[in-house]
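So the sequences go chain by chain: B and C. Going by the working numbering, the first residue of the first sequence is number 90, and it counts up by one from there. Going by the working numbering, the first residue of the second sequence is number 3, and it counts up by one from there. Even glycine gets a Cβ: it sits at the ideal position worked out from N, Cα and C. Just below is one structure, and these are the notes that go with it.
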Amino acid sequence: MSSSPLASAPEGRPGLPGAALGGLALAALLAVALPFFTTGYVVYIANLLLVFVVLCLGLHIVIGETGQFSMAHAAFYGIGIYASALANRAVDLPYPFAMLFGALVAGAVGLFIGALALRMRDIYLALATFAFGEAMQWVFANWDSVTNGPNGLRIAPARFGPLEILSDKQAYPFVLFFCLLAIGFTVVVSRSRLGRAFRAVRESEVAAMAMGIDVRRTRVIGFGLSAAVAGFAGGMFGLFQTFIHPDSLGFQTTILVLTMVVVGGLGSIWGAIGGAIVFGLISEVLRQAPQYQEIIYGAILMLFMMYAPHGLFAFVGERIREARHGR
Amino acid sequence: MAAEDMAAAAAPFLNVEGLTIRFGGLTAVGGLDMAVAKGSIHALIGPNGAGKSTTFNCISRFYTPSEGRITYDGRDITRLPAREMAGLGIARSFQNLELFAELTVFENVLIGAHVHAGRTWRDALSARPRGVVEEVEHLIERTGLTAYAQTKARNLDFGHQKMVEIARALAIRPKLLLLDEPAAGLRNREIAALDTLLCELRERDGLTILLVEHVMQLVMSISDRITVLSFGTKIAEGTAAEVRAHPAVIEAYLGREAAQEAAHG
Chain B
90 MSSSPLASAP EGRPGLPGAA LGGLALAALL AVALPFFTTG YVVYIANLLL VFVVLCLGLH
150 IVIGETGQFS MAHAAFYGIG IYASALANRA VDLPYPFAML FGALVAGAVG LFIGALALRM
210 RDIYLALATF AFGEAMQWVF ANWDSVTNGP NGLRIAPARF GPLEILSDKQ AYPFVLFFCL
270 LAIGFTVVVS RSRLGRAFRA VRESEVAAMA MGIDVRRTRV IGFGLSAAVA GFAGGMFGLF
330 QTFIHPDSLG FQTTILVLTM VVVGGLGSIW GAIGGAIVFG LISEVLRQAP QYQEIIYGAI
390 LMLFMMYAPH GLFAFVGERI REARHGR
Chain C
3 MAAEDMAAAA APFLNVEGLT IRFGGLTAVG GLDMAVAKGS IHALIGPNGA GKSTTFNCIS
63 RFYTPSEGRI TYDGRDITRL PAREMAGLGI ARSFQNLELF AELTVFENVL IGAHVHAGRT
123 WRDALSARPR GVVEEVEHLI ERTGLTAYAQ TKARNLDFGH QKMVEIARAL AIRPKLLLLD
183 EPAAGLRNRE IAALDTLLCE LRERDGLTIL LVEHVMQLVM SISDRITVLS FGTKIAEGTA
243 AEVRAHPAVI EAYLGREAAQ EAAHG
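Put into structure tokens, the structure is as follows:
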């Protein structure tokens, strides 16, 4: 799956190609300099994109690494948002503790749901996780005493000791930091023994079993970790958002994130990150024409599945390689 | 001959007693006894549908027998889950290749070492756990795959893919290696290489190998002992020469007339 030059990195080969390294350096420079030369709106979009990157990393763990489908990631994201917002309100601790709490709650729910749902597979698993996602949205909208129900929940400003975050620009460095942290975490997991077990289970369950891997446990752990990362993305959301409404945690969000991961490139961390950024931008542009949004997503998703099943970056990488070899 | 039998009976490394496997009303294997001596190459042969693969899958714990007992290294493994075999030092290959197709050869073999790759936290988090990587590279070299270490398994030709299966099984550091038709589909040159490798594993590494195989050229050349199955029961057992001359074996493979001809002519 990883025929793009970027995707070779997680396979344990040291060093990225020069062009990719240059691109990364440029992206890093842009990321650091961003709040100094743009408006608050652009920084807000950047924050949102970084949150989507982390959400995609979460979905990547379950889809890309362990090869299971999940239609419930908007729910885990929502659990992370609510849990960290409520923790932040209840306890006077620096905000990262609230984020950690959000990730842990989402992870715990993920482990539980995983242990139940992963008895099923393929379309049944997709349907079971879809049902859970819908049920969670109902919980967000109706558990008035905790989530404030359909009125939505105000999120108190994040605090880091004496520093209280009141603007998108202030939040940006923290959002960027936590995003990099999540990328680092995912890379480490992917390269580890656990990550190899994930891929072994994805590629062949019987062979994984013969290698001493507990297939069921590995799948459940993958699902739980994936939910925890999605919950962490929810905590990041609370760094710069002041309000959460259950409407934004429905199936549409799941589909958006699914599209990002598939279009970016299944099975590659860098594909998932790239997909989140490219597709996050597209979705922001499409906000001007909301009535066509779904049709355009659907069309893009279908086109990619038909013509570039390994994702945008693998597709571009292949075209570049072909051009170089004069074909 | 008799002395050899007694030695095998005294301490069979792998012992199968009264193994019976039924699928619904069909008895695939009925009351099979088989003892595999430590450090030997033991082949399980028989015509198609004889129950070889079923037996093999019972020993590797992918099937659970209806009756009977399987002991390995003095331990009853009849009811253990398949995933515990690797930890006990039992490795297997698959007849129809079960590679991690989208992963590189290196990663395939490294996953073979899964049970050894998590001794410390540092190792468990590493893409190249210490001690294990050297061994994995050595196995890749030994199976002639060095040039393909970074190639995805699905992009290899069939012969090399079979070798990846063996390298991956060896990464378990097995004491007992179970091979399901390792030579099927290989070319002569590849069979010769496999022959050399398996003999070397027995002589140098002291491995015990049980193989199910149809390629007689390989079976007759390397096996210390051969068990012949037909319709789920053992019809003969012995050395290559004994089995080859056994009338029941000739009958099972070539039919009754051939057996009579062999007996009279």
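Does the beta carbon of residue i come closer than 7 Å to any beta carbon on chain B?
i	result
leucine 127 of chain C	yes
histidine 116 of chain C	yes
glutamate 104 of chain C	yes
isoleucine 79 of chain C	no
isoleucine 252 of chain C	no
alanine 119 of chain C	yes
isoleucine 228 of chain C	no
isoleucine 113 of chain C	yes
Label residue i either buried or exposed according to how many other C-beta atoms from any shown protein chain fall within 10 Å of its C-beta, with 16 as the threshold for buried.
i	result
threonine 429 of chain B	This structure gives no information on residue 429 of chain B, because the portion of chain B shown stretches from 90 to 416.
glycine 48 of chain C	buried
glutamate 143 of chain C	exposed
threonine 106 of chain C	buried
isoleucine 358 of chain B	buried
methionine 394 of chain B	exposed
tyrosine 381 of chain B	exposed
tyrosine 261 of chain B	buried
aspartate 257 of chain B	buried
valine 374 of chain B	exposed
proline 176 of chain C	buried
glutamine 330 of chain B	buried
valine 79 of chain B	With chain B covering only 90 through 416, there is no way to say anything about residue 79 of chain B.
alanine 96 of chain B	Only weak support is given to the placement of alanine 96 of chain B: the predicted model assigns it a pLDDT of 38, under 50, and the value that follows is read from those uncertain coordinates. Label assigned to alanine 96 of chain B: buried.
methionine 325 of chain B	buried
isoleucine 252 of chain C	buried
histidine 266 of chain C	exposed
alanine 149 of chain C	exposed
alanine 108 of chain B	exposed
Can you find a heavy atom of the ligand PLP that lies under 6 Å from the Cβ of residue i?
i	result
leucine 283 of chain B	Of the ligands one can find in the structure shown there are none, so the ligand PLP has no counterpart to examine.
With 7 Å set as the bound, which would you pick, yes or no: does the beta-carbon of residue i sit closer than that to a beta-carbon of chain C?
i	result
alanine 204 of chain B	no
alanine 296 of chain B	yes
alanine 179 of chain B	no
serine 357 of chain B	no
arginine 458 of chain B	Because chain B is modelled from 90 through 416, residue 458 of chain B falls outside the range shown and cannot be assessed.
serine 372 of chain B	no
arginine 210 of chain B	no
serine 293 of chain B	yes
alanine 289 of chain B	yes
alanine 285 of chain B	In the sequence as displayed, the identity of residue 285 of chain B is arginine instead of alanine. Judged by the 7 Å Cβ criterion, arginine 285 of chain B is in contact with chain C.
Going along chain A in order, which residues have a C-beta closer than 9 Å to the C-beta of residue i?
i	result
isoleucine 174 of chain C	Included in the structure are the protein chains B and C, with no chain A among them.
What residues are listed by DSSP as bridge partners for residue i?
i	result
glycine 26 of chain C	In DSSP, glycine 26 of chain C forms no bridge with anything.
leucine 180 of chain C	C/Arg94 and C/Leu212
glutamate 253 of chain B	B/Arg248
serine 232 of chain C	C/Thr235
alanine 45 of chain C	C/Leu213 and C/Ile228
lysine 154 of chain C	C/Thr106
threonine 73 of chain C	C/Asn17 and C/Asp78
arginine 243 of chain B	B/Phe332
glycine 287 of chain C	Residue coverage of chain C in this structure runs from 3 to 267, which leaves residue 287 of chain C outside it and unanswerable.
In the segment 267 to 282 of chain B, which residues sit with their C-beta less than 8 Å from some C-beta in chain C, listed in chain order?
Answer in chain order: Val277, Arg280, Ser281 and Arg282.
Inter-stretch contact at 8 Å, needing at least 3 Cβ pairs: the segment 87 to 98 of chain C / the segment 52 to 64 of chain C:
Flag = yes, the segment 87 to 98 of chain C and the segment 52 to 64 of chain C touch.
Residues of the segment 85 to 99 of chain C whose Cβ lies closer than 8 Å to any Cβ of chain B, in chain order
Interface annotation for the segment 85 to 99 of chain C against chain B: Arg85, Glu86, Met87, Ala88, Gly89, Ala93, Arg94 and Phe96, criterion Cβ-Cβ distance under 8 Å.
Between the segment 217 to 224 of chain C and the segment 187 to 198 of chain C, are three or more C-beta pairs nearer than 8 Å?
Segments in contact, yes.
Is there contact here, the segment 19 to 31 of chain C with the segment 64 to 84 of chain C, by at least three beta-carbon pairs under 8 Å?
The segment 19 to 31 of chain C is in contact with the segment 64 to 84 of chain C.
Inter-stretch contact (C-beta, 8 Å, three-pair minimum) for the segment 305 to 316 of chain B and the segment 108 to 128 of chain C
At 8 Å Cβ cutoff, the stretches do not touch.
Spell out a yes or no on whether the segment 137 to 152 of chain B and the segment 351 to 368 of chain B are touching, meaning 3 or more CB-CB pairs, one atom from each, closer than 8 Å.
Short answer: they touch.
Inter-stretch contact (C-beta, 8 Å, three-pair minimum) for the segment 336 to 349 of chain B and the segment 211 to 226 of chain B:
Touching, yes, given that three or more Cβ pairs across the two stretches are closer than 8 Å.
Do the segment 282 to 289 of chain B and the segment 150 to 158 of chain B meet, that is, are 3 or more Cβ pairs less than 8 Å apart?
They touch, by the three-pair rule.
Residues, ordered as in the chain, of the segment 19 to 49 of chain C that lie near chain B by beta-carbon distance below 9 Å:
The segment 19 to 49 of chain C vs chain B, Cβ under 9 Å: nothing.
Looking at C-beta atoms only, is the number of pairs between the segment 208 to 217 of chain C and the segment 123 to 141 of chain C that lie closer than 8 Å three or more?
They do not touch, by the three-pair rule.
Check whether the segment 243 to 252 of chain B and the segment 112 to 119 of chain B are in contact - that is, three or more C-beta pairs closer than 8 Å.
No: fewer than three Cβ pairs fall under 8 Å.
Does the segment 99 to 116 of chain C touch the segment 296 to 308 of chain B, meaning 3 or more C-beta pairs lie closer than 8 Å?
Contact holds: three or more Cβ-Cβ distances are below 8 Å.
Is the number of C-beta pairs between the segment 243 to 260 of chain C and the segment 72 to 91 of chain C that are closer than 8 Å three or more?
Verdict: no, contact absent.
Quick check: the segment 210 to 217 of chain B against the segment 157 to 171 of chain B, are at least 3 beta-carbon pairs closer than 8 Å?
Enough Cβ pairs lie closer than 8 Å, so yes.
May I ask you to verify whether the segment 390 to 404 of chain B touches the segment 342 to 362 of chain B, counting CB pairs closer than 8 Å and requiring at least 3?
Three or more Cβ pairs drawn from the segment 390 to 404 of chain B and the segment 342 to 362 of chain B lie within less than 8 Å of each other, which places the two stretches in contact.
For the segment 134 to 155 of chain C, list every residue whose C-beta sits within 8 Å of some C-beta in chain B, in sequence order.
Within the segment 134 to 155 of chain C, the residues whose Cβ lies closer than 8 Å to some Cβ of chain B are Gln152, listed in chain order.
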